[in-house]
Amino acid sequence: MSTSPYPLGLRLDGRRVVVVGGGAVATRRVPALLDAGADVLLVAPELTPALRAHVNADRLRWAPRRFTPEDLDGAWLVQVAIDDPAAAESVSVAAAGRRIFCVRADDRTAATAWTPAVTRHGPVTVAVLGGGDPRRAMTVRDAIRDLLAARLVPEGAARTRGATEATGTTEATRGRRSGRVALVGAGPGDPELITVKGWRLLTEADVVVADRLVPGLLLDELRPDVELVDASKIPYGPSRAQEEINQILVDRALAGAFVVRLKGGDPYVFGRGGEELLACAEAGVPVTVVPGVTSSIAAPAAAGIPVTHRGVAHEFTVVSGHLAPDSPASLVRWDALAGLRGTLVILMGLKNLAAITETLIAHGRPPGTLAAVVQEATTGAQRVLRSTLGTVAADLVAAELRPPAVVVVGDVVEALGR
Ligand SMILES: C[S@@+](CC[C@H](N)C(=O)[O-])C[C@H]1O[C@@H](n2cnc3c(N)ncnc32)[C@H](O)[C@@H]1O
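Residue numbers (the working numbering): 740 to 1157.
Right, here's the structure in full:
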């Protein structure tokens, strides 16, 4: 008798899958079935709160009782997630009688199908079977996932792209034929703070248009054939430079390239991502937006400051300080912000900090309110200054802090201690 399993990728969209059991194992198995579009029937007298949430959201049907063989009528697959061997065996018998594959959490040797350990990377699914030993499968799966995460992907991704071009199924392939843009948030500075999706798209890019504040290490690891456009080196003033960037994105995409526009933090937090999206849309270029970890939350966090904390702050407001409070072009109601009790996070505010703090104090925020400045957060050059609203502007000059930095105002500055 052969012990070799025959691997398959089941396409479960709209197909009935029965899950017997409502405990921890079922809780772990059900999300992937739902993700595959399966029509899940859950048979169990009791459910965990997580499974009940799926029921309440109408994502699956629940039969609140013990299993009966008729539950398998119309099913393509059954997952047994109970630890009562006799009850599990009765499911196996009913499944075998109907020629339905049966996964057994309690006894893999009694199962007619095994679930692999899985790691997903965009369109690629890696599924590992460990010869009946789930621990071995997980160890191998983790090693593969680490390899992919350890950025050995670029060359592999390039090869995969070539290999799959004929099928026309990968995002990169689509990019090849028709061109498109991804606006990707690179996170605040630590290269590990880019999202998994952002990193994957970066490895698939033909052209990368990068901001000044994106982590250099991410760029260091691009494939040699990738065209890297340093957006911070584009001449002209800020608005002409932005037009120029928009044009580069559109031109390269219309020429068939997959362009990643890599931006510091999140593309839509003072990142002009919206303008770039509109420029692409106007030119008929498809755009994907991948949110990033914004410095407005990450920089305080990196300094040990939560932007909210129970009993301390029930709100946080993120504001740009690039214009002085008395500038006619400013859209910020600093007088109103002074009346808030919660956390104020100011980006691009160092130059105008004296005027900003004076305005906040003049409109009622106490000068003794705690404040902090976090420079180059999440990088090896991170510096943190703790102060008060009344003195922070002078203190940062004395400490010679410089941009990029985030200013945090509010009691959260000491919520976790100094
Ligand atoms: C043009 S805004 C872009 C913000 C970005 N889109 C985000 O979500 O973080 C640039 C400002 O973000 C803040 N900033 C970005 N990265 C930072 C970092 N690593 N540490 C401190 N502040 C940072 C600074 O206030 C800087 O002047």
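Glycine included, C-beta positions come from ideal geometry on N, C-alpha and C.
Relative to the non-hydrogen atoms of ligand 1, the Cβ of Val-1008 comes within a distance shorter than 8 Å of at least one. Within the stretch 927 to 995, the runs of beta strand (DSSP E) that reach at least 3 residues and sit entirely inside it are, in chain order, 946 to 949 and 966 to 969. Every beta strand (DSSP E) of 3 residues or more that sits fully in the stretch 788 to 859 is shown, in chain order, as 800 to 802, 814 to 819 and 840 to 843. Val-769 and Pro-927 have their C-alpha atoms roughly 35 Å apart. For Gln-986, the number of other beta carbons within 10 angstroms of its own is below 16, and it is reported as exposed.
Inclusion of Thr-1127 and Leu-1099 in the CB contact set at 9 Å is not warranted, their separation being larger than that value. The closest heavy atom of ligand 1 lies 8 Å or more from the beta carbon of Asp-969.
Taking the Cβ atoms as the reference, Val-1029 lies roughly 6 Å from Leu-940, within the contact range of under 8 Å. Residue burial annotation: Arg-1104 is buried, with at least 16 other C-beta atoms found within 10 angstroms of its C-beta. Distances from the CB of Gln-818 to the heavy atoms of ligand 1 are all 8 Å or more.
As the crow flies, the alpha-carbon of Leu-1089 is around 16 Å from that of Asp-1065. Remark: the C-beta of Ser-1035 is in contact range of ligand 1, defined as less than 8 Å to any heavy atom. When DSSP states are grouped into helix, strand and coil, Asp-778 belongs to the strand group. Per DSSP, Ala-1144 is one residue of the beta strand (DSSP E) stretching across 1144 to 1148. In this structure, Arg-1000 is the residue among Arg-1000, Ser-917 and Arg-919 with its C-alpha nearest to the C-alpha of Asp-950. Secondary-structure assignment with DSSP links Arg-1122 through a beta bridge to Gln-1114. In its own chain, leaving out the 5 sequence neighbours on each side, no residue places its CB closer than 6 Å to the CB of Ala-994. DSSP places Val-1057 inside the beta strand (DSSP E), whose first and last residues are 1055 to 1059. Around the C-beta of Ala-882, fewer than 16 other C-beta atoms lie within 10 Å, and the residue is accordingly described as exposed. The three-state secondary structure of Val-756, taken from DSSP, is strand. The beta-carbon distance between Leu-1140 and Val-1112, rounded to whole angstroms, is 5 Å. This is short enough to meet the 8 Å contact definition.
For Ala-1040, the enclosing alpha helix (DSSP H) begins and ends at 1034 to 1041. Less than 9 Å divides the Cβ of Pro-855 from the Cβ of Val-867. Ala-866 sits in a strand when the DSSP states are folded into three classes. With respect to the 9 Å criterion, His-793 and Leu-781 are classified as neighbours on the basis of their beta carbons.
Here DSSP, grouped into helix, strand and coil, assigns Gly-918 to coil. For Leu-1128, no beta strand (DSSP E) run applies, since DSSP gives it neither H nor E. Your pair Gly-1013 and Lys-1002 does not check out as a contact, with CB atoms roughly 12 Å apart and the cut at 8 Å. Looking at the DSSP output, Ala-1022 sits in no beta bridge, so it has no partner there.
With 16 or more other Cβ atoms from the protein chains shown falling within 10 Å of its own Cβ, Thr-1117 counts as buried. DSSP links His-1048 through a beta bridge to Ala-1052. In the assembly as shown, His-1053 is an exposed residue. Its beta-carbon has fewer than 16 other beta-carbons within 10 Å. Val-935 and Ala-814 have their C-alpha atoms spaced approximately 35 Å apart.
For Arg-1000, the uninterrupted beta strand (DSSP E) segment begins and ends at 997 to 1002. Inclusion of Lys-1002 in the 8 Å shell around ligand 1 follows from its C-beta lying nearer than that to a non-hydrogen atom of the ligand.
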